[in-house]
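Engineer:
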Amino acid sequence: MTSLIAFFEGLGLEGVLALSAAYALCIASLLGFITVYAMFAIWMERKVAAHIQVRYGPMETGAWHGWAQSVADAVKLLFKEDLIPPEGNKFLFWIAPAVVFCGVFAGFIAIPFAEGMQIVDLHLGVFFIMAIASVEVIGVIMAGWASNSKYSLFGAVREAAQVVSYEIPAATALLVPILVVGSFRLGDFNAFQADHGWLVLYNPFLTVAALIYFISSLAGCKRAPFDLPEAESELVSGFHTEYSGMRFSFFFLEEYASMFVAAALTATLFFGGWNLFPWGGGWEPAPLAPVILISKIFFFIFVQMWLRWTLPRLRVDQVMAMGYKYLVPWAFVCLIGAAWFEYMGWGGLFS
Amino acid sequence: MEALEMYTVDPNDDVYTEELKLNLGPQHPSTHGVLRVELKVDGEIITASRCDIGYLHRCAEKIGENVTYLQFTPYTDRMDYLASMNNNLAWSLTVEKLLGVEAPERAQWIRVIVAELNRIASHLIAFGTYGIDIGANTPFFYAFRERESIMALLERPSGARMLYNYVHPGGVAHDIEDGWLEDVLAFCDEFEMRWKEYNTLLSHNAIFIGRTANIGVIPKDMALDYGLTGPVLRASGVSWDLRRDVPYLAPYDDLEFDVPVGEGTHGTLGDCWDRYWVRMREMMESIRIIRQACPRVPAGPFMDKAMNRMYKTPLKPEPGEAYMRCENPRGELGFYVVAEGGTSPIRCRTRAPSFCNLSVLDALLPGTMIADGVAIIGSLDIVLGEVDR
Amino acid sequence: MGAIRDYFGNISSALTTAAKGMRITWRYFKHEPPITIQYPRERVEPPPSYRGLHILQQDKCIDCHLCAKACPVDCIEIEAIHHGRTLEWKQFSIDYKKCIFCEFCIPVCPVDCIHMTSEYELATEDPDGMVEDLLTWTGLRPEDQRAVEAAVNKKKGVAAPATIESAKGAPEPGSAEDKAAKIAAIKARLKKGSA
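Which chain is which? The protein sequence lines are A, B and C, in order.
Take the first sequence: its letters are residues 1 to 351, numbered as in our numbering.
Take the second sequence: its letters are residues 1001 to 1389, numbered as in our numbering.
Take the third sequence: its letters are residues 2001 to 2195, numbered as in our numbering.
#1: Listed in chain order, which residues of the segment 1025-1036 of chain B have Cβ atoms closer than 8 Å to some Cβ of chain A?
#2: Check whether the segment 240-249 of chain A and the segment 280-293 of chain A are in contact - that is, three or more C-beta pairs closer than 8 Å.
#3: Apply the 10 Å Cβ neighbour rule to Tyr-1198 of chain B and answer buried if 16 or more other Cβ atoms are within range, or exposed otherwise.
#4: Would you identify the three-state DSSP class for Asn-2010 of chain C, choosing helix, strand or coil?
#5: One question on the structure: do Gly-941 of chain B and Asn-1328 of chain B come within less than 7 Å of each other, judged by their Cβ atoms?
#6: Using only the alpha-carbon positions, how far apart do Gly-104 of chain A and Leu-2122 of chain C sit?
#7: If the cut-off is 7 Å on Cβ atoms, which residues from the segment 2031-2051 of chain C count as contacting chain A, listed in chain order?
#8: Quick one: give me the first and last residue of the alpha helix (DSSP H) that Asp-1254 of chain B is part of.
#9: Report back the beta-carbon spacing between Cys-2061 of chain C and Val-2111 of chain C to the nearest angstrom; my notes put them in contact at under 8 Å.
#10: Grab the span of the beta strand (DSSP E) containing Tyr-1336 of chain B for me, first residue to last.
#11: Can you name the residues of chain C whose CB is closer than 9 Å to the CB of Thr-172 of chain A?
#12: Going by beta carbon distance, what residues of the same chain come within less than 6 Å of Leu-1255 of chain B, once the five residues before and after it are set aside?
#13: Compare the C-beta of Cys-334 of chain A against all C-beta atoms of chain C and say whether one is closer than 7 Å.
#14: Does the beta-carbon distance from Ser-1030 of chain B to Val-1374 of chain B come in below 7 Å?
#15: Which bits of chain A does Glu-1145 of chain B rub up against, with CB to CB less than 8 Å?
#16: Would you be able to state if there are at least three C-beta pairs under 8 Å between the segment 297-314 of chain A and the segment 1028-1043 of chain B?
#17: Would you please verify whether the beta carbon of Leu-1201 of chain B is less than 7 Å from any beta carbon of chain C?
#18: Could you tell me whether any Cβ in chain C is nearer than 7 Å to the Cβ of His-51 of chain A?
#19: If you compare alpha carbons, which of B:Thr-1094, B:Arg-1058, B:Glu-1105 is closest to Tyr-1252 of chain B?
#20: Name the chain B residues that come within less than 9 Å of Thr-2017 of chain C, Cβ to Cβ?
#21: DSSP beta-bridge partners for Gly-280 of chain A?
#22: Against chain B, with Cβ distances strictly below 7 Å, would Val-319 of chain A count as a contact?
#23: Going by DSSP in three states, Ile-1377 of chain B sits in which element: helix, strand or coil?
#24: Look up Trp-2089 of chain C in the DSSP assignment and give the residues it is bridged to.
#25: Since Val-48 of chain A contacts Trp-283 of chain A with CB under 8 Å, what's their CB separation in whole angstroms?
#26: Between the C-alpha atoms of Phe-1302 of chain B and Arg-1050 of chain B, what's the straight-line distance to the nearest angstrom?
#27: Can you tell which of B:Gln-1108, B:Gly-1033, B:Leu-1020 has its C-alpha closest to the C-alpha of Ser-233 of chain A?
#28: When you compare the CB positions of Phe-235 of chain A and Gly-155 of chain A, do they come within less than 7 Å of one another, or not?
#29: Is Ala-21 of chain A near the ligand FMN, going by C-beta to nearest heavy atom under 6 Å?
#30: Could you check whether Phe-205 of chain A and Gly-337 of chain A sit closer than 7 Å to each other, using their CB atoms as the reference points?
#31: Count the other CB atoms, across all protein chains shown, that sit within 10 Å of the CB of Arg-2041 of chain C; report buried if there are 16 or more and exposed otherwise.
#32: Using 10 angstroms around the beta-carbon of Lys-1021 of chain B, count the other beta-carbons present and answer buried if the total reaches 16, otherwise exposed.
#33: Touching or not, the segment 114-133 of chain A and the segment 256-268 of chain A, by the rule of three or more beta carbon pairs under 8 Å?
#34: Indicate whether at least one CB of chain B lies closer than 7 Å to the CB of Glu-167 of chain A.
#35: Rounded to whole angstroms, what's the CA-CA distance from Phe-1140 of chain B to Ile-141 of chain A? Just pull it up for me.
#36: Residues in the same chain with beta-carbon distance under 6 Å from Gly-57 of chain A, minus the five sequence neighbours each way, listed in chain order, please.
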């Protein structure tokens, strides 16, 4: 960011102007990145699902394995009629997809893809992402309420209950690496893991914490087996049942974007970030760093998809039971255990 | 039930929530057709339900009174469209009983094989769609792959993939071709392997068990009171299978097979998991039957010589009545026919297993959650074509 | 104690069964080729007994209306003027909006002139186009030949059921050589069809 501002200042722009130009460029590139990524992820999801289910998936659009299917779908969604339920709250209905998308979009700001390749290097990066991602829930509740549909309302309430509940284990599990590294800044995690190896192998509590965070992030992203807010066989499409066209595509985009953020956090905090090998690194050439990180992220996205096409869905009370009876206590066990290990000075596997 | 007692709506309560009316269907992904269930829900918990059927009513029974006995066979296809062979079989047996004829031995054995194949196909749909109801999409595709093999097998003698119209009064419509039985046996071997996979993927999955065990419990007495039949009855611990107890086809007497009953493996006897598991085991029993039956298909005619006339001149049974029931994949399918001497019956009535099994739904739903409701509807395995006829 | 055992049992069963399931889906993802076909480019060849669209050998037809009477849904309309032994055809149509492909019109025919082909692509944009005029028959196409042959074979089977091979694979005594050859030919066709 600073370098971008400097770049624009070098072009002759001054102060606020350079700042705005830099921000505009960042936002535009981020939007572009998310859109392209989401299209790819949707295509990937369909292909993964198809191949797990012994079928081909999209094959026709675009010459090679239907690569352009998502593009075609996006174009279709753009031109689709924008239906607003006449009895619903038009304003909330209109603004909900934007609110939903904003929360996840803001989360991207803090993700470092490489040393310095980050829009804002926040000192409270992890905290910021966790906090800003919760905004999404408000949007979902708005969508469910404004749709004036009972199914949508059910979906929204389920989403609210689920996401709020699963933020506790997720945040607690994230505290474990934070405690070990001693920083909230995402860049520090990469630096720490370059010296000490992947945190997931640092001590057993971190391994469990990684699992807990991953499971909680599934619930946070509304991915199966926690896809209750959408729950196709129960609630038709849950909170976005009444949405169509472009507004629907924002919910879609949000789901895949939040998957990316969750996978990025998992990769950065537990699986070495841009360090290739489990025993540490720091030697990887800088241009390779984003490639390593993004391939790790895609691995976790793949695991999310793989899980989705394998597991049945939990019931709403089981989701709550799993959160409060299993994940929360174990997350605290991990936190205390890791603290104990740190206090005793028992270092990691590779340090 | 416990949940209902625990959670009653009391307007004087501190936290009083209003009941919400929720329409489940007729256009809903998991009502297996056009079933409409009016639910009263309090939050996620169903407090009352009312089934609304009839969206697929096609006057099948009335049509039966206006077409000839043979011509009604394709209409029976369209009742329980997932088990056409079994429907054809029940109707043909009814007409045969009315006429007092019996199909040749070869036809009987072929009937056993096609009926059991179709039973597997039907249970595969039950299994696959149940997975979707619970939220696992993938088993559905695996189930359809095996069903596709069955359809390809049944297509060869019958000429159709789903609405076979193959079993006719007096025998079967066409003879099986050379090599068909070998292919059926080869399918049996493949299916056995796949069946194990289904179980690892879905049946024994902890989430699946959590979703289905102890849900929608039908005790033995209740099952008998509601006149349930088929896997739904057997899952409640009643060992009643027409194939064994009232063998309507002679070969069933000679064949060795077990009748799976529910055991309450993962909870209460007669819960959704038991119903599911009875179906899964029935598939294996059907494979067992087919394995025994294939080598024993004798040579000979596949259609009664005298009955072969019916294609050209309609059947004219003597005045009388007949009721015949068969063990369909969904339960007892019965046809009641009254003949008055003409070419079509004056009364034709169907005892549809799905219809009778569905009657228990309103008793099961109150006190469960919406997601459980979906699981219960799925576990009853209804076909709306048969419910509404 | 039981509650604690249940608690840990739940954790372990959830993890192990999920892992087992994931192993299966992974195997499918990695190793099993898709079983679906790319429809317009690849097609399933239906077996010769398939009940698809009808064809009428109108030079053989004697306008007896038996097929129309056998039809459970009354979808066959026949109209012809008899000039002595020759027929002046007005109409022989099947309304595929009604037809249920039950095949009852085939065995009734006294002269074997109506057959069902393997044609299964029935989709049309125009509902009126679903009333098929069967009088457009201009002679047997090679693909129809098969359906006719199959139909004739079927009828033979009805007439002489004793000659059918027993399922144990033992050839029926006294069966002619050409019969075996015919069966082999059908088998070969089937193999091709199912591939």
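Don't be surprised by glycine CBs; every beta carbon is placed ideally from N, CA and C.
Structural biologist: So, from the listed chains and residues:
#1: So the list reads His-1028, Pro-1029, Ser-1030, given in the order they occur along the chain.
#2: Counting C-beta pairs with one atom in each stretch, the segment 240-249 of chain A and the segment 280-293 of chain A have fewer than three that are closer than 8 Å, which means they do not touch.
#3: Mapped onto the second sequence, residue 1198 of chain B falls at position 198. Answer is buried; the Cβ neighbour count reaches 16.
#4: To locate residue 2010 of chain C, count along the third sequence from 1; it is residue 10. In the three-state reduction of the DSSP assignment, Asn-2010 of chain C falls in the helix class.
#5: In the structure as shown, chain B begins at 1001 and stops at 1389. Residue 941 of chain B is therefore absent and cannot be evaluated.
#6: Taking the first residue of the first sequence as 1, we reach residue 104 of chain A at position 104. Taking the first residue of the third sequence as 1, we reach residue 2122 of chain C at position 122. A small fix is needed here, since residue 104 of chain A is Val in this sequence, not Gly. If you take the alpha carbons of Val-104 of chain A and Leu-2122 of chain C, they lie about 48 Å apart.
#7: The segment 2031-2051 of chain C vs chain A, Cβ under 7 Å: Glu-2032, Pro-2034, Ile-2035, Thr-2036, Gln-2038.
#8: As a position in the second sequence, residue 1254 of chain B is number 254, starting the count at 1. Per DSSP, Asp-1254 of chain B belongs to the alpha helix (DSSP H) from 1250-1254.
#9: Position 61 of the third sequence, counted from the start, is the residue given in the question as residue 2061 of chain C. Position 111 of the third sequence, counted from the start, is the residue given in the question as residue 2111 of chain C. Distance from Cys-2061 of chain C to Val-2111 of chain C at the Cβ level is roughly 7 Å; contact confirmed, criterion being Cβ atoms closer than 8 Å.
#10: Numbered from 1 along the second sequence, position 336 holds the residue referred to as residue 1336 of chain B. Here the beta strand (DSSP E) through Tyr-1336 of chain B covers 1331-1339.
#11: Indexing the first sequence from 1 puts residue 172 of chain A at position 172. Neighbours of Thr-172 of chain A on chain C: none; closest Cβ ~17 Å, over 9 Å.
#12: Along the second sequence, one-based indexing puts residue 1255 of chain B at 255. Excluding residues within five positions, the ones whose Cβ falls inside 6 Å are Ile-1289, Gln-1292.
#13: The count along the first sequence starts at 1 and reaches residue 334 of chain A at position 334. So no, Cys-334 of chain A is outside the interface.
#14: Counting from one through the second sequence, the residue named residue 1030 of chain B turns up at place 30. Counting from one through the second sequence, the residue named residue 1374 of chain B turns up at place 374. Yes, these two residues count as a Cβ contact at 7 Å.
#15: As a first step, residue 1145 of chain B is located in the second sequence; it is residue number 145 there, counting from the start. It should be pointed out that residue 1145 of chain B corresponds to Arg in this sequence rather than to Glu. Within chain A, the residues near Arg-1145 of chain B are Val-54.
#16: By the criterion of at least three beta-carbon pairs nearer than 8 Å, the segment 1028-1043 of chain B is not in contact with the segment 297-314 of chain A.
#17: Taking the first residue of the second sequence as position 1, residue 1201 of chain B is located at position 201. Using a CB distance cut-off of 7 Å, Leu-1201 of chain B counts as an interface residue toward chain C.
#18: Numbered from its first residue, the first sequence carries residue 51 of chain A at position 51. Cβ-Cβ to chain C under 7 Å: yes for His-51 of chain A.
#19: Position 252 of the second sequence, counting from 1, holds the residue named residue 1252 of chain B. Checked all of B:Thr-1094, B:Arg-1058, B:Glu-1105; the closest Cα to Tyr-1252 of chain B is B:Glu-1105.
#20: Stepping through the third sequence from its first residue, residue 2017 of chain C is reached at position 17. Neighbours of Thr-2017 of chain C on chain B, chain order: Thr-1200, His-1204, Asn-1205, Ala-1206, Ile-1207, Phe-1208, Ile-1209.
#21: On the first sequence, position 280 is the one that residue 280 of chain A refers to. A:Phe-277, per the DSSP bridge assignment.
#22: Here the question's residue 319 of chain A lines up with position 319 in the first sequence. No, Val-319 of chain A lies away from the interface with chain B (no Cβ there is under 7 Å from its Cβ).
#23: On the second sequence, position 377 is the one that residue 1377 of chain B refers to. Ile-1377 of chain B falls in the helix class under three-state DSSP.
#24: As a working note, residue 2089 of chain C is residue 89 in the third sequence. For Trp-2089 of chain C, the pairing in a beta bridge is given by DSSP as C:Ala-2080.
#25: Residue numbering aside, residue 48 of chain A sits at position 48 when the first sequence is read from its first letter. Residue numbering aside, residue 283 of chain A sits at position 283 when the first sequence is read from its first letter. With a Cβ gap of about 33 Å, Val-48 of chain A and Trp-283 of chain A do not count as contacting.
#26: The count along the second sequence starts at 1 and reaches residue 1302 of chain B at position 302. The count along the second sequence starts at 1 and reaches residue 1050 of chain B at position 50. Phe-1302 of chain B and Arg-1050 of chain B have their alpha carbons spaced roughly 47 Å apart.
#27: By 1-based counting over the first sequence, the position of residue 233 of chain A is 233. Out of B:Gln-1108, B:Gly-1033, B:Leu-1020, B:Gly-1033 has the C-alpha closest to the C-alpha of Ser-233 of chain A.
#28: Sequence index remark: in the first sequence, residue 235 of chain A carries index 235 (1-based). Sequence index remark: in the first sequence, residue 155 of chain A carries index 155 (1-based). Residue identity differs from the one stated: residue 235 of chain A is Leu in this sequence, not Phe. It is a contact, given that the beta carbons lie within the stated cut-off.
#29: For the structure depicted, the ligand FMN is absent and the ligand set is empty, with no information on it obtainable.
#30: The residue you call residue 337 of chain A lines up with position 337 of the first sequence. The residue you call residue 205 of chain A lines up with position 205 of the first sequence. In contact: Gly-337 of chain A and Phe-205 of chain A (Cβ atoms closer than 7 Å).
#31: For the purposes of this step, residue 2041 of chain C is taken as residue 41 along the third sequence, with counting starting at 1. Exposed, by the Cβ-count rule.
#32: Counting from 1 along the second sequence, the entry for residue 1021 of chain B is found at position 21. Looking at its Cβ environment, which holds fewer than 16 other Cβ atoms inside 10 Å, Lys-1021 of chain B is exposed.
#33: Pairwise C-beta distances place the segment 114-133 of chain A in contact with the segment 256-268 of chain A, as three or more of them are shorter than 8 Å.
#34: Numbered from its first residue, the first sequence carries residue 167 of chain A at position 167. By this cut-off, Glu-167 of chain A is not an interface position.
#35: For the purposes of this step, residue 1140 of chain B is taken as the residue at position 140 of the second sequence. For the purposes of this step, residue 141 of chain A is taken as the residue at position 141 of the first sequence. Distance between the alpha carbons of Phe-1140 of chain B and Ile-141 of chain A is about 32 Å.
#36: Residue 57 of chain A sits at position 57 when you count from the first residue of the first sequence. Cβ-Cβ distances below 6 Å link Gly-57 of chain A to Arg-46, Lys-47, Ala-50 in the same chain, with the five nearest sequence neighbours on each side left out; the list follows chain order.
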